[in-house]
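Quick notes on the structure that follows.
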Ligand SMILES: Cc1cc2nc3c(=O)[nH]c(=O)nc-3n(C[C@H](O)[C@H](O)[C@H](O)COP(=O)(O)OP(=O)(O)OC[C@H]3O[C@@H](n4cnc5c(N)ncnc54)[C@H](O)[C@@H]3O)c2cc1C
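Dropping the structure here:
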């Protein structure tokens, strides 16, 4: 066991830290210090500017191969970068659904043509991807989804009908990835296909609407006979095999729950800020101090568990269904961190600010990426081996 | 960066695990419980179900394997291994609810005596198992396995100097010096309550004594991890078998969610314990903080596992005939000894300058 970083890793950290500090300041200056939420119509452009800065600096997708715009960083370096990213106070990534959810699946299932076309454009923010799983009648029971894609050989493509909903940043994105029923007689997880869909097709209407925090981060996507041609993008719009969409999609959902969507750096940085807040506010309340410590320890424990998981993975023992436990941990931790902050702020917590904003977002953690009830079911059945029926 | 134990560490763990599985099943733990009723007329144990000599045999077997000297340098007759080597062994002794002072003897007293140069010449008898050590940390007067302990140490912070001090209790506690077992929750610990004792010479002070305390807290945290795992394992087995409404109760969502939450706490407490072992082994500057985080989290996880296990068992879990109570009581007792979760969170708070 050796829990220290090598000289090379420390050098990587220093490089990332220096770059982030300089470029974040420059980005804020470019926008006169008035940085809006990236989940608003106005703020999205500012954040796209930041994503491009990241890409040009070589930091948009550190762990990807250089051919696709990355710097072939190791998993360890990726974790270090994430720590530095959030420690520096850099904003949540508006490209995250593409980079953290679609990309791992493209690496695993995409053809060379798809990879060449999709990945670099995604990392640069040229194409902005949103995730189209949920439908009005298919939430936790995703396999019951009913949006259809009918084959039209004459025109050479697919005809899409149905409706997707709760699509994060759908109103600001250019592309959607999602599951569609391609076998009209199929049930549940059979007969589904994973499709890559430009949102500017005729017959697609996107309507943005407000989330609980007021940002227009949600969208519903109506598909009314929209025609998706086979040459919509190089390599075609089908990811993986026709009819095999469920297993392709499952690769994405495990990234979503586990490491890639919410790395520990985000929470350890928040925990450090929480400790600062308690010190600044001259906290004297032992009960509150205890909660600060508890939240701080739980963030630290997440970091440690991740280091153990990454080591085990490198040794050929992948985490598998334990990613469900990880999702439970970070989502509950996020709520605890922010609730504790609001309690330190006292009555001032009514005022809009980073902690109140963060709290409102944290509340969604136990819902998205598979609700925590679903994660508990998965953990009980697949980690502990309890009977399904 | 590499957060994993070595093959050698796993091999040693496996050897101890096998030994304990064979020598220390629940009936042996039960055999350590006093027979009959306590002062309140309660019949706490289900009496000896195993030959009492088997209780002693476990200890002898551990001594024979050398693991009582795991943390003692080779020149003093030990194995000369580090916290990273013995932390997994402590977990195993927790898993079986070993009815002996393993952590106190092997992780605390042995190395402390060795560092002090074995002033009383007792180390050899500690290593061969003939002398058992107990430690009174933080001013407690309760001596676990006090009826068999023949070397007694105290570990406290001197209020005047703020310095940790370890002392040998003068005259120790001799076997047969008619110490009465106290009535306690986990009677398998055979706790003796000392009325008063004479502080003996300092065995160590400052860094050495502080290190001894951290080792005790770490070892106890590791035992709590083992206990949590045991109670979850026991419950997973039970809810897969027990049927109600025509199906195994483990197929009910409420049961699943209880168990998933218990597994969750364990999943994140265990790495904290393993990291604390590394911090101790490498003398990291954050050792006190890391040990305290480990002890607080392991205590919480073990308590949660105990509550969950009991609830998912229903009434069978609430009997002395069933084994669960052996582990549940041990977990509660260990959660509060060597510093309870609040004590350790305060130490973390101090380390964070909160
Ligand atoms: C901020 C946010 C962003 C999101 N972004 C996206 C996105 O980009 N793309 C996308 O496709 N979706 C997105 N979602 C949708 C999200 O994936 C769904 O909300 C989630 O899967 C739950 O579905 P539902 O909302 O329909 O709730 P329901 O499935 O109706 O569940 C309601 C309640 O019932 C419980 N429940 C349901 N079934 C079970 C069961 N079998 N056992 C126990 N309890 C159960 C749930 O746990 C929950 O508590 C987002 C959601 C949020 C909050």
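Chains as they are written, first to last, in this note's numbering: chain B, -18 to 370; chain Z, -5 to 348. We put the beta carbon where it would ideally sit given N, CA and C, even for glycine.
Closer than 7 Å: residue i CB and nearest ligand 1 heavy atom
i                      : result
residue 89 of chain Z  : no
residue 114 of chain B : yes
residue 121 of chain B : yes
residue 227 of chain B : no
residue 354 of chain B : yes
residue 247 of chain Z : yes
residue 351 of chain B : yes
residue 111 of chain B : yes
residue 340 of chain B : no
residue 144 of chain Z : no
residue 310 of chain B : no
residue 345 of chain B : yes
residue 149 of chain B : yes
residue 4 of chain B   : no
residue 348 of chain B : yes
residue 192 of chain B : yes
Residue i at chain Z interface by Cβ criterion, 8 Å
i                      : result
residue 273 of chain B : yes
residue 147 of chain B : no
residue 370 of chain B : yes
residue 281 of chain B : yes
residue 350 of chain B : no
residue 323 of chain B : no
residue 277 of chain B : yes
residue 292 of chain B : yes
residue -12 of chain B : no
residue 57 of chain B  : yes
residue 302 of chain B : no
residue 289 of chain B : yes
residue 316 of chain B : no
residue 297 of chain B : no
residue 259 of chain B : yes
Euclidean distance between Cα positions of residue i and residue j
i                      : j                      : result
residue 56 of chain Z  : residue 62 of chain Z  : 6 Å
residue 12 of chain B  : residue 231 of chain Z : 60 Å
residue 235 of chain Z : residue 299 of chain Z : 19 Å
residue 394 of chain B : residue 54 of chain B  : This structure does not reach residue 394 of chain B, given that chain B is present from -18 up to 370, and the question cannot be answered.
residue 350 of chain Z : residue 359 of chain B : The structure shown does not extend to residue 350 of chain Z, since chain Z spans only -5 to 348, so no value can be given for it.
residue 289 of chain Z : residue 348 of chain B : 31 Å
residue 5 of chain Z   : residue 11 of chain Z  : 10 Å
residue 362 of chain B : residue 5 of chain B   : 44 Å
residue 162 of chain Z : residue 291 of chain Z : 30 Å
residue 346 of chain B : residue 198 of chain B : 14 Å
residue 24 of chain B  : residue 99 of chain B  : 24 Å
residue 209 of chain B : residue 139 of chain B : 5 Å
residue -18 of chain B : residue 208 of chain Z : 19 Å
residue 35 of chain B  : residue 41 of chain B  : 5 Å
residue 189 of chain B : residue 225 of chain Z : 49 Å
Interface flag, residue i vs chain B, CB-CB below 8 Å
i                      : result
residue 199 of chain Z : no
residue 242 of chain Z : yes
residue 245 of chain Z : yes
residue 289 of chain Z : no
residue 80 of chain Z  : no
residue 85 of chain Z  : no
residue 254 of chain Z : yes
residue 239 of chain Z : no
residue 257 of chain Z : yes
residue 19 of chain Z  : no
residue 339 of chain Z : yes
residue 261 of chain Z : yes
residue 137 of chain Z : no
residue 248 of chain Z : no
Interface flag, residue i vs chain D, CB-CB below 8 Å
i                      : result
residue 251 of chain Z : This model lacks chain D altogether, as its protein chains are B and Z.
Proximity test, residue i beta-carbon vs ligand 3 heavy atom, cut-off 7 Å
i                      : result
residue 185 of chain B : Among the ligands present in this structure, namely ligand 1, ligand 3 is not found.
The region 182 to 191 of chain Z contacting the region 123 to 137 of chain Z, beta-carbon criterion three pairs below 8 Å: yes
At least 3 beta-carbon pairs within less than 8 Å: the region 239 to 253 of chain B vs the region 125 to 142 of chain B: no
4 or more residues per run - each alpha helix (DSSP H) lying fully within the region 98 to 152 of chain Z: 104 to 109, 117 to 121
Stretch-stretch touch, CB-based, cutoff 8 Å, three pairs: the region 125 to 145 of chain B with the region 156 to 174 of chain B: yes
Cβ pair count under 8 Å reaching 3, the region 275 to 288 of chain B against the region 90 to 99 of chain B: no
Runs of alpha helix (DSSP H) lying entirely within the region 87 to 137 of chain B, each at least 4 residues, in chain order: 93 to 105
Start-end ranges of the beta strand (DSSP E) lying completely within the region 297 to 370 of chain B, minimum 3 residues: none
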